[in-house]
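First the structure, in the form of structure tokens, and then the observations on it.
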Amino acid sequence: MSLRHAARIARRELRGGLRGFGIFLACLALGVAAISGIGSVRAAIEAGLVQEGAALLGGDAEIELTYRFASETELDWMQANATEVSEIADFRSMAVVGDDRALTQVKSVDDAYPLVGTVTLSPDMPLDQALAGEDTLPGAVMDRVLADRLGLTPGNEFALGGTPFRLSAILVNEPDNATGGFGLGPRTMVATSALAESNLLSPGTLFETQYRLRLPPGSDLAAYEAKAKAELPKSGLRWRDARNGAPGVATFVERLSAFLVLVGLSGLAVGGVGVSAAVRAYLSAKAATIATLRTLGATNGTVFLAYALQIAALSALGIAIGLALGGLVPLALAPILQTQLPVPAIFSLYPAPLFEAALYGALTAALFTLWPLARTESIRAATLFRDAMGAAARLPRARYILATLALLTVLIGTAGAFSGSFRLTGFTALGLLGALLLLGLSAALARFIARRLRPLAQGRPALRWALAAISGPRSEALPVVLSLGLGLTVLATVGQLDGNLRGAIARDLPTIAPSYFFVDIQKDQMPGFTEQLEGDSAVSKIENAPMLRGVISHINNRPAREVAGEHWVVQGDRGITYATDIPDNTRVVAGNWWGSGDIGPPQVSFAAEEAEEMGLSLGDTLTVNVMGRDIEATITSFREVDFSTAGMGFVMIMDPASVSAAPHTYIATVYAEPDHEARILRELSQRFPNITAIRVKDAIARVTEMLSSLASATAWGASATLLTGFLVLIGAAAAGSPARAHEAAVLKTLGATRRRILSSFLIRSGLLGLAAGTVALIAGITGGWAVCHFVFDTDFAVIWPSGLAIILGGVAATLLASAGFALRALATRPARTLRSRE
Amino acid sequence: MIPPAISLVDVSLSLQGNAGPVDILHAITLDVNRGETLALVGPSGSGKSSLLMLMGGLELASGGTITALDHDLSAMSEDELARFRRAHMGVVFQSFHLIPTMTALENVATPLELAGTRDALALARQALADVGLAERADHYPSQLSGGEQQRVALARATAPRPDILLADEPTGNLDSTTGETIIEQLFALRAAHGATLVLVTHDPALATRCDRVLNLLDGRLETGA
């Protein structure tokens, strides 16, 4: 084999231009553009988060405590190590104006806040002045959404936990708002000193404190973190610093972009079908040339290399176009994107995501073109005298099959490594391969059924021609079903996921969910609280339990994360209750419940499903930090807990002797008639102004809104796949166009009208679209179920409107593509078409 | 007086080529009588096939009038022309032009079905038997030799018993022995149905089997009709 000869042949062949390669280039460029675009935006956000880390965090570092303020020792440590310290408390409360009330996430701050960044208010004024208030009332600032909801304008009064405030200004920008995580209510900001008289920050109420530290310039943040954890070992503190100022956002962006890249890769796979078809068609058209080269003495290797070089050159062009689009479009849209994104982003040309996308593009192109390229070996000199590619349908040689498998492995491995989730990548790859297999089988089934139905179509020429075209030689079934079906499968999967994510909570809860959660009920308020509700005929059920919050720091004396990994139970603090008897809404499935009056070492009853996920066994010990005190408890029983009811469910219930002495409050759920919910809340708030009510429907709406945003991002990612799928379909229709033009010309010669011919074309396209759509729906439902079940751990329900839209979309897309090409064929005089074939 | 099967008056044809319009036929006037066999001969590019296409309504004339069986083809729409061919014409091409997705039987049955003929498949099977291909009825074109494909095309053109048979170099792609068989069958079938035959050919011997021979040169008729 001579590379020089092959390269010369390749160069001469490419002189013919890019005719016939439009779809090839578009498919590759679109897939690479989508992936590099997603990667570029991710890189921009990550760069923004790194640069703005301190501003996002509100300091160089932060120590967060749950449920309490820092002790003297802890404060001393902070003062000794930091050049400046700012104390913030974060909690939920009710903002009240007359009878109107709304949930708000309160941030109470000291004079030092913010250490980094600037708070922007409207009207413009310093934060100190706004929070100082005027007359005798302390000041507050709040998010415009909340002010509008309560009908407040600057100067108006409202109350938090029974303490009156005057709204000084609207909060326009809170520099550290990306660090707070998920909040159920819009922000209100007050001075901590103004809350002294309220019960809002009393021991046992649910609040978190954050101590922002300004450290000496050039400090080693990792060393400070280690020092804090070593010197304040029992504090249960959580450390964050400017290295990752908004870890929640960074993780979210990373996971979302990994997911979107997988959606983009699916699009690339869809495009791969088009790429493969284009190469197949190109080589088919070159069969005579290849056969001639053979007669002139070209070896298999030379011919393969000559055409592989051409495809490689074209792939490089497609990838380059994709990279240019994916890299430059976000850059061009930077001014718009920066205003839309809730986090800072620095847009630039980042080589890493471009390299990742280029690698995916090259691997996909190689994977999808190797097989058709291998078929050049089956084109022999004798092909000049026979039907060109007719004899070339057999499998390629073993080395090509092995190389294809190797490429597939490398592609999946690369995607797994880049996305950070081999599981999700594995699912995606399996889903795509399964869909391809299913589509191939369905094309074969469509051909089989069409063959069987042919005799029944006697006397219906249009239908019989359609069935003949589907079942006969050179059938369009496989290319059309594959090209359309894979794109529709990705869309159907995304559609099912989208619907399930948007509807999951709303679908599962309404019939059983309580009306309100009440938190921060003081122990001495409980009798009056329950008495008032039990006397209300509109209330059907009340549940209440004491609640503390704690962090599982160790399991069997090993750091909890070492044992349980990233399990949600060991991430952050969890609610803990205590009980003498087994609560009604749970049951013990293993071990024994403690006896009443048991005052032995601390015991804990753990949720069975979560225990299994974390690898816990009966007898294991958990070290739980509650209010800065470590409690080492032994797991003595596992319980079945149903978290899906939105009722009360605790992962951990401890024996009363262990924790009941610690300061704590109560939590209650109230089930009431919807029409009376507002009145019940009003009456309770008037009597117990410090308690916070969370309306479950509002919480559901908020979570649903978040999930909808996630689903929307995915749907946008999938739109690139839709476009690719349609391009591939157009490619398939274009490839079949000459055959249809010939058929139309012959049928016209035999006396068929254009309407009848068009009907036949549309029937065959519609039937194939139906087959592709049906398979896509089946594969989409399976894929959606698998992702919901294995990844999101949620129930799955088939979203029929989306599913039916996919089938109809499939039929419509094939009809559209078919009609587009058929009309041109029908408008041509038969003689022109037939003469070109002579 | 019986009107001619096909009548052309001052017919011309220009086609749009890459370098501008190309004149293919100039002022052709001729009549083909009913039941007559007419051979069109001439060198390559002289316009023989184009003239045949115009007679079949497969090409639109740039000027003049074409009448077939008292129907003005020039005034007919594409679909009216298709219906006319369905009822009155059969065409045989040099390159056979069978539909590759249909079996031999289905190819032959198609014009019969279009015409709404009862037992289209049975008649098609008989037509295939007439050309000696009863055993090949369920084969696809790609499974047939060139000669067999042309016999299927012949059966397809003659099965509806057309009034006019147009044959464009029907032996052009075949060896001489196979070609001879095809011509024998073509003439036999024409005679059986009494159809008018217009035949384009390069073969002088074949041309002499026809009642009349017309020579085309550079798009003009050399011998008057």
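Heads up: the protein sequence lines correspond to chains A and B, in order. Per my numbering: the first sequence = residues 1 to 838. Per my numbering: the second sequence = residues 1001 to 1225. Where is the CB? At the ideal position from N, CA and C, for every residue including glycine.
Taking the C-beta atoms as reference points, A/V145 is found no nearer than 8 Å to A/P114. Judged by DSSP in its simplified three-state form, A/S2 adopts coil rather than helix or strand. CA-CA distance, A/M547 to A/A70, rounds to 20 Å.
Within the segment 1093-1105 of chain B, those residues whose Cβ lies closer than 9 Å to any Cβ of chain A are, in chain order, F1093, Q1094, S1095, H1097, L1098, I1099, P1100, T1101, M1102 and T1103.
Leaving aside the five residues that flank A/F422 on each side, the residues in its chain whose CB is nearer than 6 Å to its CB run, in chain order, G416. Distance from A/G31 to A/G267 at the Cβ level is roughly 5 Å; contact confirmed, criterion being Cβ atoms closer than 8 Å.
Only H742, E743, A745, V746, L747, K748, T749, L750, G751, A752, T753, R754, R755 and R756 from the segment 742-756 of chain A bring a Cβ to less than 9 Å from some Cβ of chain B.
Burial is judged here by how many other beta carbons sit within 10 angstroms of a residue's own beta carbon; A/N500 has at least 16 and is buried.
Secondary structure of A/Q105 (DSSP, three-state): strand.
For A/K541, the enclosing beta strand (DSSP E) has its first and last residue at V539 to I555. Short of 6 Å from the beta carbon of B/V1022, and not among the five residues preceding or following it, lie these beta carbons of its own chain, in chain order: L1015. In this structure, A/E46 lies near A/V253, with their beta-carbon atoms less than 8 Å apart. Counting the other Cβ atoms within 10 Å of the Cβ of A/P344 gives 16 or more, which makes it buried. For A/L323 against A/S108, the beta-carbon gap comes to about 49 Å, at or over 8 Å, which does not count as contact. Those residues of the segment 8-25 of chain A placed with their C-beta closer than 8 Å to a C-beta in chain B do not exist. Taking 8 Å as the upper bound for CB-CB distance, A/W371 and A/T409 are not in contact here, some 16 Å apart.
Taking the C-beta atoms as reference points, A/A813 is found nearer than 8 Å to A/L729. With a threshold of 8 Å between beta carbons, B/E1148 makes no contact with chain A. The beta carbon of A/L770 is closer than 8 Å to those of I807, G810 and V811 in its chain, skipping five residues each way along the sequence. Residue-level contact by beta carbon holds for A/L834 and chain B, with a gap shorter than 8 Å.
Taking the C-beta atoms as reference points, A/L262 is found no nearer than 8 Å to A/D520.
Secondary structure of A/F24 (DSSP, three-state): helix. Per DSSP, the unbroken alpha helix (DSSP H) holding A/D76 starts and ends at E72 to N81. When secondary structure is reduced to three states using DSSP, A/H664 falls in the coil class, being assigned neither helix nor strand. Under a 10 Å Cβ-count criterion, A/A462 is classified as buried, with 16 or more other Cβ atoms of the shown protein chains found around its own Cβ.
Counting only the Cα atoms, B/L1128 lies some 14 Å from B/R1161. Listed in chain order, the beta strand (DSSP E) elements of length 3 or more contained wholly in the segment 1045-1119 of chain B are 1063-1068 and 1089-1092. A straight line joining the alpha-carbon of A/G318 with that of A/A285 spans about 21 Å.
Taking 9 Å as the Cβ-Cβ cut-off, the segment 1111-1141 of chain B approaches chain A at P1111, E1113, L1114, A1115, G1116, R1118, A1120, L1121, Y1140 and P1141, given in chain order. Fully enclosed alpha helix (DSSP H) runs of no fewer than 4 residues occupy 800-827 of the segment 790-835 of chain A, in order along the chain. Remark: C-beta atoms of A/A741 and A/L439 do not approach each other more closely than 8 Å. With respect to A/G434, A/T364 sits apart: the two C-beta atoms are not nearer than 8 Å.
Any Cβ of chain A closer than 8 Å to the Cβ of B/R1161 would place that residue at the interface, and such an atom is absent. In chain order, I401 place their CB closer than 8 Å to the CB of A/L395, counting only its own chain and leaving out the 5 sequence neighbours on each side. For the segment 1171-1198 of chain B, no residue has a beta-carbon sitting nearer than 7 Å to a beta-carbon of chain A. In chain order, F726, L729, I730, A732, A733 and S765 place their CB closer than 8 Å to the CB of A/A817, counting only its own chain and leaving out the 5 sequence neighbours on each side.
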